[in-house]
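J.:
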Amino acid sequence: MMKISKIKEMSSPELEKELGELKTELFKLKFSLATNGLDNPMKIKDVKKDIARINTILTERKIAESKKA
């Protein structure tokens, strides 16, 4: 699980890349859960929370940019 402070330190392009990786990981976890089960199903919840955190930071940055312009 990623800390919010670590997410805020990353640049927007890095966050976009991380978001893509997390979505891929979430897909793999869901697929694994459906086919043969997972050792730790809570991992899906953690990945979803990380995706939400990144989306929140990206949205905050877009709002801040639009206010500056």
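With positions in the sequence shown counted from 1, the corresponding number in the working numbering is that position plus 598. All C-beta atoms, glycine included, are put in the ideal place defined by N, C-alpha and C.
Exposed or buried, what is Ile652 when buried is set at 16 or more other beta-carbons lying within 10 Å of its beta-carbon?
T.: So Ile652 counts as buried.
J.: Exposed or buried, which one is Leu631 when buried takes at least 16 other CB atoms within 10 Å?
T.: By the 10 Å Cβ count, Leu631 comes out exposed.
J.: In the structure shown, what three-state DSSP assignment does Leu636 receive?
T.: Of the three classes helix, strand and coil, the one that applies to Leu636 here is coil, per DSSP.
J.: Name the two residues that bound the continuous alpha helix (DSSP H) containing Ser603.
T.: First-last of the alpha helix (DSSP H) with Ser603: Ile602 to Glu607.
J.: Write down the C-beta distance between Arg646 and Leu624 rounded to the nearest angstrom, noting that I regard them as a contact closer than 8 Å.
T.: Here residue 646 turns out to be Lys, not Arg, going by the sequence shown. Confirmed, about 7 Å.
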